[in-house]
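Once you know that position 175 of the sequence shown is 175 in the UniProt record's numbering, the rest is easy, because the numbers rise by one and skip nothing. Glycine residues also receive a C-beta, built at the ideal position from the N, C-alpha and C atoms.
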Amino acid sequence: MLIFATLLLVSLVCDAQYFENEPVWLSQHYTSSCWPASQVFKTPNICLCSQMCLKKLCMAISYNESTKSCVLTGATELAGNGQQRSHIFRRNETVVRKNVALMKSVIASSVYSTIGPEHVTNGNSNVDDLFHSAIGDPLPFIVIDLEQEMMIQRLRIMPRRNYFDPTRFINISIRGGTAEVPGPDFSSYTELAFFVGPPVNPATWITFDLPTPICARFVSVQRTATTGQRFLEINEVEVYGPL
């Protein structure tokens, strides 16, 4: 039975990969939106990648043909002796990369006038739709609540677009964590990206691709520089899961 399950798994993955050209496959037994850490192996093809997943009892696989990288996500039994071996994989329509921060709630350390943090997740990156921290805030920040733990693999930030000062959007630390903290100390969070700055003028999207997906519910964006004009100004923040 185990041999049959292995052959069936390989057949399904190979056929669907060839005809559907879909890079991510998810075990039908796994439904969490936040997967455990990934492991990367080199395999000649996706068929051997799927066999590796079966052996490790992982929850999802993705395969990069050009680099021959086999990514096993959520491997629960590295020794291959776990309980669940009926891993029949299906193409997972929900693992398409999407902005999981869209319309999520945001808090800020301070607000200038009425230019609040809700602007950074409303899907509007227009020039006049932005967040601006208050005067005198030494380490301004925002925190986005994704409402549940999500696997994060890409971040995009649009700095303020209608005014440029090279001393403002610098030393920007982006971190993620599973528990809410009051700030301004986010050292308990995992650093997802760091932007030294300044951005180009006029501002464009700044994209960060994480080498390893990170599980987090809360995403903080903080200006950590102690020089220049101490304002945090952001038009939009986007947070993405895996491909």
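Limits of the unbroken beta strand (DSSP E) element including residue i
{"i": "S187", "result": "No beta strand (DSSP E) holds S187; DSSP gives it neither H nor E."}
{"i": "N64", "result": "60–64"}
Residue environment, residue i, which counts as buried when at least 16 other CB atoms sit within 10 Å
{"i": "G176", "result": "buried"}
{"i": "N201", "result": "exposed"}
{"i": "Q148", "result": "exposed"}
{"i": "E180", "result": "exposed"}
{"i": "M158", "result": "buried"}
{"i": "E233", "result": "buried"}
{"i": "S50", "result": "buried"}
{"i": "P138", "result": "exposed"}
{"i": "P140", "result": "buried"}
{"i": "V127", "result": "exposed"}
{"i": "N122", "result": "exposed"}
{"i": "S62", "result": "buried"}
Closest Cα partner of residue i within the set the options
{"i": "I174", "options": "E65, V237, V127", "result": "V237"}
{"i": "D209", "options": "I234, S188, M151, Y163", "result": "M151"}
{"i": "L72", "options": "P213, A101, R156", "result": "P213"}
{"i": "I135", "options": "F41, A179, R168, C49", "result": "R168"}
{"i": "N124", "options": "L102, L232, I142", "result": "L102"}
{"i": "K104", "options": "V219, G228, T226, T227", "result": "V219"}
{"i": "C58", "options": "K68, V40, S66", "result": "V40"}
{"i": "I46", "options": "A60, V111, C70", "result": "C70"}
{"i": "R154", "options": "I144, P211, G183", "result": "P211"}
Can you check the UniProt domain "F5/8 type C" (89–242) for any beta strand (DSSP E) of at least 3 residues that lies completely inside it and give the ranges in chain order?
-> Runs found: 89–91, 106–108, 141–159, 172–177, 190–195, 206–223, 233–240.
Are the segment 185–201 and the segment 114–134 touching by the rule of at least three beta carbon pairs closer than 8 Å?
-> no
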